[in-house]
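Residue numbers (our numbering): 110 to 475.
Just so you know, even glycine gets a beta-carbon here, dropped at the ideal spot from N, CA and C.
Just below is one structure, and these are the notes that go with it.
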Ligand code: MRU
């Protein structure tokens with residue numbers, strides 16, 4: 110996608126070929142800063158401290174982290190250490206393990222002197238595959254937005270309202286995004302799309318990142334407090350909900366940013382279609398029950414008790430929200446049971462959120 114007319118991905122090889130570069134997402138929306146990752150430790154830090162985040166981008170960064178490790182030391186032992194270091198950075202998004210496993214699969218048969226080059230090539234291919242997957246999700250999902258627009262138009266509406274949670278746009282992937290790829294494709298095709306952007310406490314990925322990238326692309330949007338969606342749905346102001354996912358089970362339970370479950374409940378109660386944009390590397394075929402089996406990341410309570418923003422002088426400052434002495438908890442994800450999900454938008458098309466639906470699209474996994 111473009112920023113001020115310049116095409117960007119969220120991760121790219123440095124011009125000297127010795128490192129990779131990323132956009133530091135902790136500085137958005139108020140500052141645009143790129144950062145160079147030279148080492149395995151840099152890549153692990155970038156994931157853990159959320160300079161990069163979003164399940165597909167976490168996976169791509171981990172793949173490049175393995176490549177940086179292979180350049181420093183291509184031995185089996187060093188790669189196993191790198192795998193473990195990267196795997197420990199964040200627990201919930203399954204794309205992390207998927208990408209690490211892909212790297213080990215690709216590098217295992219390669220002689221040590223050739224491993225670094227092979228690792229950079231496989232990491233670049235993983236990044237390119239993510240772009241292709243997200244673009245295809247955009248094509249399939251844009252058709253759902255077009256259908257929602259036809260229905261809204263028939264009722265006299267002047268726009269089609271999409272509600273999204275967290276950031277599942279291009280900043281969460283290598284390019285295009287998952288939940289926002291359909292929005293970009295529909296918008297570029299001329300549909301009058303408007304996006305309700307959940308601010309997404311506690312880290313505000315909606316207010317900071319989704320709003321930022323919709324702004325860059327010129328897509329009309331409105332940031333809302335996380336508790337607003339139910340009210341809007343009751344009043345016919347949401348035509349379709351599209352969210353991303355960090356891990357979806359083989360039966361279609363969807364783990365995504367905390368608060369997604371409540372949006373799904375409100376959508377069910379109001380007959381609003383609730384779709385999940387799902388790249389296949391985000392499917393965990395080993396998990397049957399999402400609520401019981403998916404590990405939910407708990408982050409620093411400071412992300413809940415404090416908030417950062419720009420003051421009137423233009424300085425980015427952090428302030429404390431809660432009284433001294435109050436405890437805060439920071440659960441990062443929740444699980445929406447498959448029964449609340451209208452459909453999964455994958456790169457191979459849209460299917461029911463069920464074992465049968467997923468198996469029909471991915472028979473090789475059956
Ligand atoms: O904690 P984050 O910012 O990594 O969480 C991101 C999300 O929950 C996204 O919705 C999810 O990764 C899908 S990204 C295409």
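Best match in the options for proximity to residue i [C-alpha to C-alpha]
i           : options            : result
residue 118 : 462, 285, 326, 411 : 285
residue 173 : 442, 195, 343      : 195
residue 188 : 177, 198, 268      : 177
residue 309 : 141, 213, 441      : 441
residue 146 : 127, 135, 281, 134 : 127
residue 182 : 307, 149, 249      : 149
residue 451 : 184, 368, 382, 292 : 382
residue 327 : 314, 297, 346      : 297
residue 122 : 232, 167, 153, 186 : 232
residue 365 : 277, 421, 316, 320 : 277
residue 280 : 197, 158, 263, 315 : 315
residue 353 : 270, 153, 115, 162 : 162
residue 272 : 362, 373, 240      : 373
residue 386 : 329, 462, 405      : 462
residue 211 : 186, 238, 223      : 238
residue 224 : 263, 180, 299, 168 : 180
Run of the alpha helix (DSSP H) containing residue i, from where it starts to where it stops
i           : result
residue 188 : 185-196
residue 378 : 369-379
residue 468 : 464-470
residue 340 : 338-343
Cβ shell of residue i (< 7 Å), same chain only, five flanking positions each side left out
i           : result
residue 227 : 215, 216, 219
residue 71  : Not covered by the structure: residue 71. The range shown for the chain is 110 to 475.
residue 375 : 338, 339, 342
residue 397 : 358, 359, 360
residue 247 : 285, 290, 291, 293, 294
residue 403 : 201, 356, 364, 396, 444
residue 431 : 414, 437
residue 458 : 249, 470
residue 240 : 283, 284, 285
Per DSSP, the bridge partner or partners of residue i
i           : result
residue 173 : Note: residue 173 sits in no beta bridge, so no partner.
residue 130 : 121, 145
residue 260 : Answer is none; residue 260 lacks a bridge partner.
residue 416 : 428
residue 384 : 351, 452
residue 154 : Residue 154 pairs with nothing; no bridge assigned.
residue 330 : 304
residue 272 : 305, 350
residue 116 : 111
residue 356 : 364
residue 443 : 365
residue 393 : 358
CB of residue i within 8 Å of CB of residue j, strictly
i           : j           : result
residue 389 : residue 331 : no
residue 235 : residue 208 : yes
residue 445 : residue 393 : no
residue 245 : residue 348 : no
residue 412 : residue 252 : no
residue 470 : residue 460 : yes
residue 409 : residue 439 : yes
residue 288 : residue 306 : no
residue 369 : residue 274 : yes
residue 283 : residue 120 : yes
residue 139 : residue 426 : no
residue 156 : residue 170 : yes
residue 137 : residue 317 : yes
residue 221 : residue 184 : yes
residue 362 : residue 447 : yes
residue 322 : residue 270 : no
residue 144 : residue 160 : yes
Run of the beta strand (DSSP E) containing residue i, from where it starts to where it stops
i           : result
residue 120 : 120-122
residue 407 : Looking at the DSSP string, residue 407 is not in any beta strand (DSSP E), and its letter there is neither H nor E.
residue 366 : 363-366
residue 292 : Premise fails: residue 292 lies in the alpha helix (DSSP H), 289-297, not in any beta strand (DSSP E).
residue 199 : Segment: none, residue 199 is in no beta strand (DSSP E) and carries neither H nor E.
residue 217 : Element bounds for residue 217: n/a, residue is neither H nor E.
residue 280 : From DSSP, residue 280 is part of no beta strand (DSSP E); its letter is neither H nor E.
residue 458 : 458-460
Cβ-based neighbour list, residue i, same chain, cut-off 6 Å, excluding 5 preceding and 5 following
i           : result
residue 268 : 301, 303
residue 468 : 475
residue 191 : 149, 175, 178
residue 164 : 202, 204, 355, 391
residue 477 : One cannot answer for residue 477 here, as it falls past the ends of the chain, which runs 110 to 475.
residue 198 : 153, 156, 157
residue 466 : 460
Residues of its chain near residue i, where Cβ-Cβ distance is below 8 Å and the 5 sequence neighbours each way are ignored
i           : result
residue 325 : 110, 111, 112, 113
residue 377 : 383, 449
Closer than 7 Å: residue i CB and nearest the ligand FAD heavy atom
i           : result
residue 193 : Absence of the ligand FAD is noted for the structure shown, with the ligand MRU being the only ligands found.
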